[in-house]
Structures are given as structure tokens and as C-alpha cells.
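What follows is a short report on a single structure.
In UniProt numbering, the protein residues as written are 1 to 753.
Below, the structure is given as C-alpha cells:
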């Protein structure tokens with residue numbers, strides 16, 4: 001979430017072009033895809049196919065003016081041909097200047113702005129195209145010569161990730177504000193606000209009411225063409241001697257996927273009371289009661305009745321607070337309590353008549369968008385061109401929330417508070433306007449030492465002193481030199497006031513919280529050669545007190561014995577201990593975390609199988625794991641007081657999620673602990689719930705489903721930082737801009753675009 005603020009926009013020229021639809025199978029068509037929200041509308045109109053006919057009037061001294069002049073409809077701007085409204089001499093005066101077209105000129109490196117007198121700074125033109133899927137760029141120079149030249153001569157990414165839902169209004173407003181839909185309030189192309197008791201849609205006039213729009217946008221003006229319009233724009237800039245002055249950003253709002261009415265799931269096949277609900281249908285589903293006074297409506301019951309009902313089910317139901325955190329789609333009253341994530345290429349509807357209700361009984365759409373924003377077909381395009389952008393540069397993919405700060409930098413404006421990470425896209429620009437700084441550490445850690453005797457440490461735990469030689473093992477607390485080994489990128493900083501301790505061990509480091517009675521983080525480094533070993537029988541139920549932490553600031557084994565619904569797991573996995581002696585450190589009570597038995601299947605498989613696999617594939621990894629508390633699902637760290645509001649009578653605070661960050665060298669030929677190049681990161685935010693119903697095959701072996709669950713809950717490091725109020729990667733030779741780019745990276749597990 002981010003607060004709303006104010007920003008000025010007088011220096012922006014915005015061209016929000018709603019492009020013609022692009023069919024995945026057939027290429028460009030003259031009619032854009034029908035959106036699923038528009039099933040109740042007739043066929044959309046298209047631009048005229050009739051030959052262009054000039055009108056009277058002159059463009060003398062008026063080339064590329066935006067206003068009309070006498071006679072009515074006589075225009076001299078770039079779009080006059082699209083609307084059959086050009087003045088008679090538009091071609092002669094505005095286009096046929098005797099110069100070459102911009103697209104025919106060679107790429108040139110614009111090292112500094114070359115602007116006519118009177119320009120304080122380069123203007124910014126933002127050209128946004130509706131439904132421009134990233135893979136369309138493969139059509140290349142033959143289909144899109146102007147856009148291809150922008151791409152090859154400027155700065156571009158393989159794709160830009162839209163926000164969820166991958167719909168037009170939410171993403172255009174995110175581009176304009178840098179906010180997630182849950183923050184700016186435009187949560188869909190269609191939505192209902194229970195406080196306003198009003199509905200918002202593409203077709204209705206309610207969308208013009210300012211009460212719907214949170215945040216402060218920089219630009220919103222629609223236009224309608226793609227490459228031809230880009231060419232006209234660049235030719236016009238060249239004629240006006242502005243082509244070396246103006247910065248141009250060419251982006252899409254989302255991608256596109258092919259689908260038809262035949263691939264539709266009907267809730268009437270799952271529920272008996274579909275007349276009692278309102279479903280916003282299509283590529284995602286949002287369910288609310290038809291009557292706000294329906295006391296029988298229970299979102300949990302709806303989700304239960306839609307969960308894993310058919311082996312070939314093409315949607316997955318969620319309570320909105322259980323959606324993957326990377327979607328940032330829960331903390332807004334306009335987001336319904338029940339949400340359906342729909343498989344790519346599929347739709348969901350209440351019943352068949354909602355789809356085929358036209359007199360013809362025909363399907364009026366052949367593609368859609370709105371699906372999970374990590375899938376390939378939803379990715380869109382980013383190109384930056386002009387004197388402020390780098391020349392012939394390819395940058396890694398990023399999310400569109402980051403563009404707002406870049407646009408403000410280009411215009412010399414101070415960004416309003418937003419969800420982006422300012423400075424994470426500095427590598428797009430020739431010179432950095434904004435220099436990010438590492439946040440200050442708020443809570444300084446303590447470094448406790450072991451107390452002389454364990455006689456007063458009765459926390460209800462058992463471990464056989466004779467077999468385990470606990471007194472001798474307690475001497476191992478005085479370990480030195482492990483920080484450099486297990487904290488490869490520095491100690492995570494705590495950005496809120498609390499009391500916590502650094503606990504050293506031979507195989508791992510922990511930041512133990514006396515408030516939450518568990519580590520805020522545990523970090524360890526596993527080499528490629530590390531072996532997974534079993535746990536001896538005499539250690540199977542062993543939990544040792546940690547003499548460095550007083551009993552009053554420690555968990556109690558008795559608390560777990562009194563709660564049959566709760567068990568515990570380990571942040572550092574005992575199976576990865578480097579020796580038999582080091583294994584005992586993993587059984588310290590300061591290494592245990594509360595876990596539901598169902599979740600332990602997920603966590604144990606991750607630690608036992610996947611960590612070792614990552615270490616083998618990536619030539620060693622550093623792993624940081626810890627708890628997350630987000631009971632109000634706002635995407636931000638919960639304070640202890642906030643947790644108490646949601647959880648009463650529990651001696652141990654139960655995390656809502658667990659996070660893990662796996663870091664290695666991007667060059668897998670270099671070991672993780674000797675990497676001198678760029679880093680590679682995988683991150684997960686795993687939901688901690690008492691069941692595994694999200695995975696329909698969870699009764700099978702973990703190898704059949706756990707990895708898919710993790711991929712669904714992939715996340716950015718930045719998401720984890722906001723949910724924990726921790727700051728990672730603080731001690732490294734890399735630039736801070738490079739670290740911010742790493743933190744905002746999302747590993748999608750999708751194939752190359």
C-alpha cells in the first residue's frame with residue numbers, strides 16, 4: 001500500500017493509444033478483442049475502411065496543431081488521417097517536407113538534448129498501447145519499422161510486467177500513479193463500491209466521477225493507432241527540430257491471450273445457488289452476494305464449494321487475503337472477498353446464458369486479458385527513446401509500478417508516495433537524477449553470551465543429557481567468524497523499534513526477536529558439495545534450551561504439547577548440518593518456528609529437496625528465511641499490537657506466511673561465496689495455513705505438487721521487505737541501484753518471450 005499524494009503534470013504530452021486488437025494466431029485484425037466485461041454489448045464499431053478523402057482548409061503554419069480550425073473538421077495533427085479530417089495540404093506541408101522520414105535515418109546517439117530556445121528541459125511523450133503483448137515485437141521491422149527503430153536505438157526491456165488484474169483501467173492508472181490497484185482503487189474495468197453503493201464500468205458515465213480515482217495521475221488521454229502514428233509523431237518531431245530534444249516512452253498496458261466462449265467454466269456446474277451471487281466474469285472472477293443483506297452468504301463456504309471439485313477444473317478459488325502476495329490484490333473494499341484465478345485461455349461465467357444471450361447465440365470475442373500477471377501472454381512492451389535514455393541498451397524486465405518514478409525524474413518532479421522503488425530503474429538513464437540511499441537501521445542488535453548453567457532453563461523441552469552431552473554442546477555458543485560465511489551480503493537491518501539478538505552458530509546465523517519469540521531471519525550458505533543427512537533417532541524429538549535467551553523471552557515446548565493443531569519446524573534445516581556436532585545447534589529452541597502440520601509438508605520438502613537442488617544447480621546458494629505477520633493483509637509488517645487484535649490467547653504468535661530468499665551468482669560457474677559479478681535471486685512468500693487445499697493433489701507425494709505451489713507464490717525481495725520491515729543486501733560491492741533492481745526482480749518460472 002502507498003499513501004496518496006499530489007504531482008503536477010504540465011510537462012507531459014500523453015498519447016494513450018487504444019490499439020486495434022492483435023490476434024495471437026492471425027496477427028493484426030481490424031477489430032480489437034472483445035473484453036469479457038463487454039459480453040452484454042453488441043459488436044464494437046471499427047474505423048472506416050473507406051478511402052481517405054481530403055477536406056478543405058489549409059495547414060499553413062498549423063502543422064501538428066491539436067485544435068481544429070475552419071472549416072469544421074479541418075485538422076493538421078497526426079491523427080487527422082485516422083479520422084478522415086485532414087486539411088487539403090496536410091501531406092504537402094506537414095509530411096512531404098523534402099526530408100527523409102525519421103525511420104529511414106540511421107540510429108544516432110543523442111548525448112545531450114538539442115532543443116529549440118525556450119525549453120527548460122526535454123518534454124516527455126508517453127505513448128501507451130492497449131493490449132500490446134510483448135511477443136508482438138517479434139514481428140519486427142517489416143510490420144512495425146518505427147517501433148522497431150525506437151527499440152533498437154533506445155532503451156528497451158524484453159517485457160514489462162503489468163499489475164494484476166491485467167486489465168486496461170487498473171494498469172493505465174498504475175502507469176499514471178505508480179500505485180497498485182489495491183492502493184489507487186481502480187481494481188478492475190468493472191467494480192462495485194459497497195460504501196458508494198455504485199458500480200463502475202467501461203461503458204457507464206459513473207467512471208467520470210472523481211470519487212473512484214485515488215492517487216494523483218500524470219496523464220490520461222486516449223489515441224488509437226500504433227506504428228503509423230509513431231512514424232507520424234517522429235516525423236513531426238523531426239520537422240519541428242524536436243527529435244533530438246523529446247523523450248519518448250512507448251508502453252503497453254497489458255498483453256493478450258487467445259480464448260473463446262467454448263473455453264468457459266460455468267459456476268452453475270459447481271454451485272446450486274448462482275442466482276444469489278453476482279459474478280464479475282471473464283479471465284478472472286470476483287464474487288459478491290446479490291443482496292448485501294444476505295446473512296446466509298459466507299465467502300468461506302463459497303470457496304470451499306468451489307475448491308478442487310473436478311479433475312479438469314480451470315479456475316482456483318481464493319479468499320482474497322489468501323491470494324499470492326505478489327498480486328497485491330486484497331486491501332481494498334472494492335475487491336470482493338471471493339476471487340477466482342482462471343487458467344490462461346479460459347473464462348469463468350455464472351451460467352451459459354450469461355455468455356450466449358444474444359439473439360444470434362454467437363460468441364463476440366476471440367481473446368482477452370486479465371489473467372495472472374506473471375504469465376507470458378500478459379507481459380507488455382517498454383521502450384524508452386531520447387536524450388535522457390541510454391543508447392542501444394537492453395535492460396532486465398521490470399514491473400510497471402516502477403515507471404512513475406522514472407517519468408517524474410525525466411520531468412524534474414517530486415514523485416507522490418507510490419508503490420515503486422525509486423532508483424531501481426536508474427540503469428535506464430544516461431545520468432541519474434535521483435540517487436537512492438540505503439535506509440537507516442532502526443533497531444540495533446544485541447550479542448548475548450551463554451549463561452553459566454542450564455539448571456534454571458525449564459521450558460518443558462526434553463533432550464537426553466547423557467547421549468547428547470548438552471553441557472559440552474553449550475560451549476559451542478562461542479562461535480566466531482560465521483558472519484562472513486553465512487551473511488554474504490551483510491546482516492539484515494530491522495527498520496522498526498524492537499529488541500532482538502544475533503545468535504551465532506557454526507552452520508547458520510539468526511536474528512532472534514524477544515517480541516515474537518522466534519528469529520526474524522535465519523541465514524545460511526550451502527555449497528554445491530553439501531550433503532543431506534538424516535536425523536538420528538535420539539534427536540527426533542529433541543529440543544534444546546538456548547542459554548543465551550532467558551526463559552521469559554523464549555518459546556516453550558509445553559505450548560506445543562497443549563495445542564494439537566500446531567506443531568513446529570526449523571528455520572535452519574538439521575538435515576543440512578555440516579557435522580554431527582553442528583546438527584545439535586539446529587535443535588535449539590531459538591531455531592524453531594510454529595507450523596501447522598499440513599504446512600510442514602511444504603516446508604520440509606523445500607528444505608530437504610529444493611534447497612539442495614538449488615545449491616547443486618547454482619554452484620551454492622545463500623538462504624535467508626523467516627516469518628511474516630500480515631493479519632490485516634495490507635502487504636505491510638504487522639506490529640505486535642496489530643497481531644493481538646487478530647489472535648487472542650496464543651502464547652506463540654502464529655505467522656501468516658513464511659518467506660525465503662535464495663541468492664547465488666548469476667554466473668553459475670562462480671561459487672556463491674566467491675561471486676564477484678551480478679547476483680541471481682529467487683524468493684517465495686509461502687502462505688501458512690492449516691490445510692493444503694490450494695493444491696488439489698496434496699494427498700499425493702510432495703514431489704508432485706509442492707514445487708508448483710512455490711512457483712505460484714514466487715515474490716520479489718521488495719515484497720518481503722515490506723512485509724517484514726527488514727532490509728536485505730546491505731553489504732556488497734554492487735551499486736545500490738543494482739541492488740534495488742535485484743530486489744524488484746520477480747522470477748516468474750515462465751519460458752522466454
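The C-beta atom is built at its ideal place from N, Cα and C for all residues, glycine as well.
Residue 389 has 429 as its beta-bridge partners, per DSSP. Taking 8 Å as the upper bound for CB-CB distance, residue 549 and residue 571 are not in contact here, some 15 Å apart. Residue 435 is classed as exposed because its beta carbon has fewer than 16 other beta carbons within 10 Å across all chains shown.
Approximately 7 Å separates the beta-carbon atoms of residue 664 and residue 619; this is inside 8 Å, confirming the contact. Taking all protein chains in view, the Cβ of residue 538 is surrounded by fewer than 16 other Cβ atoms within 10 Å, so the residue is classified as exposed.
The beta-carbon separation of residue 520 and residue 626, rounded to 5 Å, stays under the 8 Å limit for a contact. Its Cα nearest to that of residue 555, the residue 513 stands out among 138, 394, 513. Assignment of residue 552 by DSSP, reduced to helix, strand and coil, places it in the helix class. Here residue 587 really is in contact with residue 574; their C-beta atoms are around 7 Å apart, less than 8 Å. Between residue 243 and the set 168, 128, 296, 124, the nearest pair of CA atoms involves 124. For residue 277, the enclosing beta strand (DSSP E) covers residues 277-280. Assigned with DSSP and collapsed to three states, residue 512 falls in strand. In this structure, residue 591 sits away from residue 523, with a CB-CB distance that is not shorter than 9 Å.
Of the other Cβ atoms in all chains shown, 16 or more fall within 10 Å of the Cβ of residue 176; this residue is therefore buried. With respect to the 9 Å criterion, residue 281 and residue 347 are classified as neighbours on the basis of their beta carbons. Beta-carbon to beta-carbon, residue 248 and residue 385 are separated by about 5 Å, close enough to satisfy the 8 Å threshold. Residue 643 and residue 296 have their C-alpha atoms spaced approximately 29 Å apart.
As computed with DSSP, residue 502 is found in a beta bridge with 511.
Taking the C-beta atoms as reference points, residue 303 is found nearer than 9 Å to residue 319.
Measuring C-alpha to C-alpha distances from residue 578 to each of 421, 525, 489, 544 identifies 525 as the nearest.
Boundaries for residue 178: no beta strand (DSSP E) harbours it, and the DSSP string shows neither H nor E there. When rounded, the separation of the alpha-carbon atoms in residue 617 and residue 661 is 16 Å.
DSSP, reduced to helix, strand and coil, places residue 325 within a helical segment of the structure shown.
In the structure shown, residue 153 falls within a helical segment according to DSSP collapsed to helix, strand and coil. Taking the CA atoms as reference points, residue 407 sits about 28 Å from residue 101. Out of 699, 708, 739, 629, the CA that lies nearest to the CA of residue 610 is found in 708. A straight-line Cα-Cα distance of about 38 Å links residue 92 and residue 428. Excluding the 5 residues flanking it on each side, residue 607 has same chain C-beta neighbours closer than 8 Å at 570, 573, 575, 576, in chain order. Annotation: residue 553 to residue 277 spans about 49 Å, alpha carbon to alpha carbon. Here DSSP, grouped into helix, strand and coil, assigns residue 400 to helix. For the alpha helix (DSSP H) assignment, the uninterrupted runs of no fewer than 4 residues enclosed by the region 625-657 are, from N- to C-terminal side, 640-646. DSSP, reduced to helix, strand and coil, places residue 376 within a helical segment of the structure shown. In the assembly as shown, residue 62 is a buried residue. Its beta-carbon has 16 or more other beta-carbons within 10 Å.
Between the alpha carbons of residue 546 and residue 558 lies a gap of roughly 16 Å.
Exclusion of the five residues before and after residue 187 leaves 170, 181, 332, 334, 335 as the residues of its chain whose Cβ lies within less than 7 Å of its Cβ. One alpha carbon belongs to residue 601, the other to residue 702, and they sit about 7 Å apart.
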